[in-house]
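In what follows, a single structure is set out as structure tokens and then discussed.
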Amino acid sequence: MKKFLLILLSVIVLSGCTQKEQTKVVSFWTLQMGDFAPYINQIIDKYESEHKDIKIKWIDVPFSEGEKRTLAAVMTDCPPDLINLNPDFSAILAQKDTLAEIPESKLSTFNSEIVKALSYKGKIYSIPWYATSAITIYNKDLLKKAGINSVPKTYNELYKISKQIKAKTGVYSYLPTITENDTMVKILNKYGVYEPSEYGNTVSQDIFNMFKTMYQEGLIPKETITMTHREALEQYMSGKIVFYQGGANFLNMIKENAPKIYSQTDVSEQIKGKIGQNDFSVMNFVIPVKAKYKEEALDFCLFLTNEENQLALAKMTNVIATNSNALKNDFYNDYSDLTSKARSISAKQIEKVYPQLRQRQGQKEINLLVNTAVQSILLDKSPTDKILNELVNKLN
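Per our numbering, the sequence shown runs over residues 521 to 916.
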């Protein structure tokens, strides 16, 4: 059945290539953007009105099928001309030499930190579209009750005030979901630990031991070793933790489900490490090396991601623009209410995101091994250095 579907997809793609066209038909794929059809169709109509010889053929692909369908398509002789992907899968396709290189000069209007983060071996293979960046959501009333006047900026600062918070308020400072997905790997990255071979060094040991101390002294919940960010949000809405790290979109959930906690809520920058960079997620576009209309696809992509169009999308969805001029807009300099403040803080964080965590081949397996090591360390099953040395050996 899978083989049949791949053959069928190839036939569909190739049939589009073999048609005799009086105009250039640029095939354009997005990932689950059907809800924004009026927005995208309006952009397509405007572009086509300014480029009479080009027709944009838009296909919206379900998110769950994006990677599978893209991989099948780029292996044919006539893939889509422009494809919406995440950077991790884009990097995999770049490694396979299936993507066209994007001249860096064409990306001068985009945030330079994001462009740098998207580079692969010094070359650019993708065009950024929109981004998100987590912020710190915190209970200002509980923080005041604890006698603390400033919000911690780093994990170390948060660690230092956790005992005071617990003593004065009876609640936890936060619930670090350090065994969920790549959370711990990202924290290590924030302290300059980039390679799996470095997970046993003294910097890594200090970070793991910091969480071990907090766990064993009861400064973070015992559920830390199993809970997800959604469960941590529940803890925040129940008034059981002071700090929660998440996207600005979670503010609406807090407002709807815990209005009293929302009234006590404020926001600040996300918790950082020694390096000072911020986590972020971005969606981008790629152009397959076998695409028929590469130049036209790039031109349309730059139109789709220009200042005006990115701002329009941001105002509909609260995502962060990646266009430098859009980021300077007053929309991202509004602190008049909590949602606007969160959005503006997120946008400022995009100015410092490099070096970014690079997803590797087998990253899920790496995350699983790291998370298993975290659990063993917190539960004090063996000395930290021994567990981390064993971890590095397994990763090697």
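Built from N, CA and C at the ideal position, the CB exists for glycine as well.
All of these numbers come straight from a predicted model, not from anything done at the bench.
Bounding residues of the alpha helix (DSSP H) (the contiguous stretch that carries residue i)
| i | result |
| --- | --- |
| D617 | That residue, D617, is in no alpha helix (DSSP H); it is neither H nor E in DSSP. |
| Q684 | 675 to 689 |
| Q881 | From DSSP, Q881 is part of no alpha helix (DSSP H); its letter is neither H nor E. |
| T590 | 586 to 594 |
| Y650 | Careful: Y650 lies outside any alpha helix (DSSP H), inside the beta strand (DSSP E) at 647 to 652. |
| S866 | 858 to 869 |
| M836 | 827 to 837 |
| Y735 | 722 to 736 |
| V705 | 703 to 710 |
| T904 | 904 to 915 |
| V635 | 632 to 638 |
| L824 | 814 to 824 |
| L627 | Note, L627: premise wrong, no alpha helix (DSSP H); not H, not E. |
| S693 | Careful: S693 lies outside any alpha helix (DSSP H), inside the beta strand (DSSP E) at 692 to 694. |
| S844 | 844 to 847 |
Pick from the options that is closest to residue i, judged by C-alpha positions
| i | options | result |
| --- | --- | --- |
| Y855 | E871, A867, S844, G712 | A867 |
| N916 | S783, N701, I644, Y719 | Y719 |
| I560 | N721, I576, E570 | I576 |
| N769 | T837, S693, F609, F851 | T837 |
| A811 | H571, L858, C598, F763 | C598 |
| V912 | S902, E871, I886 | I886 |
| E587 | G759, M747, F805 | F805 |
| S628 | L613, I644, L619, A614 | I644 |
| E700 | Y694, P716, T689, M747 | M747 |
| N659 | L771, N853, K544, F609 | L771 |
| D573 | I865, E624, Y813 | Y813 |
| Y692 | I698, Q879, L662, P582 | L662 |
| I761 | S801, K688, A832, D702 | K688 |
| F548 | K665, P808, Q542, V723 | P808 |
| K884 | S860, M704, P623 | M704 |
| Q562 | T744, E828, E871, L858 | E828 |
| K626 | I612, T590, P648, P607 | P648 |
| Q765 | V787, I564, E585 | V787 |
| P716 | G767, R880, L818, R589 | R880 |
| T543 | E624, H571, G554 | H571 |
| R589 | Q784, T550, M773 | T550 |
Contact with chain C by residue i, beta-carbon distance below 8 angstroms
| i | result |
| --- | --- |
| G554 | In the displayed structure, chain C is absent; only one protein chain is listed. |
Continuous beta strand (DSSP E) stretch holding residue i: start and end
| i | result |
| --- | --- |
| K572 | Premise fails: K572 is in no beta strand (DSSP E) and is neither H nor E. |
| D786 | 785 to 788 |
| Y658 | 655 to 659 |
| L899 | No beta strand (DSSP E) holds L899; DSSP gives it neither H nor E. |
| S547 | 544 to 551 |
| N804 | 801 to 806 |
| L605 | 602 to 605 |
Integer-rounded CB distance, given that residue j should sit under 8 angstroms from residue i
| i | j | result |
| --- | --- | --- |
| Y640 | F823 | With a Cβ gap of about 24 angstroms, Y640 and F823 do not count as contacting. |
| V594 | E816 | 18 angstroms between Cβ atoms; not a contact. |
| F820 | A834 | With 8 angstroms as the limit, F820 and A834 do not qualify as a contact, their Cβ atoms being about 20 angstroms apart. |
| F728 | L908 | 7 angstroms |
| A651 | V839 | 7 angstroms |
| S610 | S646 | 5 angstroms |
| P607 | L638 | 6 angstroms |
| K732 | I897 | 5 angstroms |
| Q725 | F800 | With a Cβ gap of about 27 angstroms, Q725 and F800 do not count as contacting. |
beta-carbon residue i near the ligand NAD non-hydrogen atom, thresh 7 angstroms
| i | result |
| --- | --- |
| V545 | For the structure depicted, the ligand NAD is absent and the ligand set is empty, with no information on it obtainable. |
Quick check: the segment 653 to 662 against the segment 630 to 638, are at least 3 beta-carbon pairs closer than 8 angstroms?
no
Threshold first: 4 residues or longer. Then list the alpha helix (DSSP H) segments lying entirely within the segment 749 to 782, N to C.
749 to 757, 770 to 777
Inspect the CB distances between the segment 706 to 718 and the segment 785 to 794 and report whether three or more fall short of 8 angstroms.
yes
Taking three-plus beta-carbon pairs below 8 angstroms as touching, is the segment 663 to 677 in contact with the segment 732 to 751?
no
I'd like to know if the segment 675 to 688 and the segment 885 to 895 are in contact, where contact means that at least 3 CB-CB pairs between them fall below 8 angstroms.
no
Below 8 angstroms, how does it come out for the segment 751 to 764 and the segment 776 to 792: are there three or more Cβ pairs, yes or no?
yes
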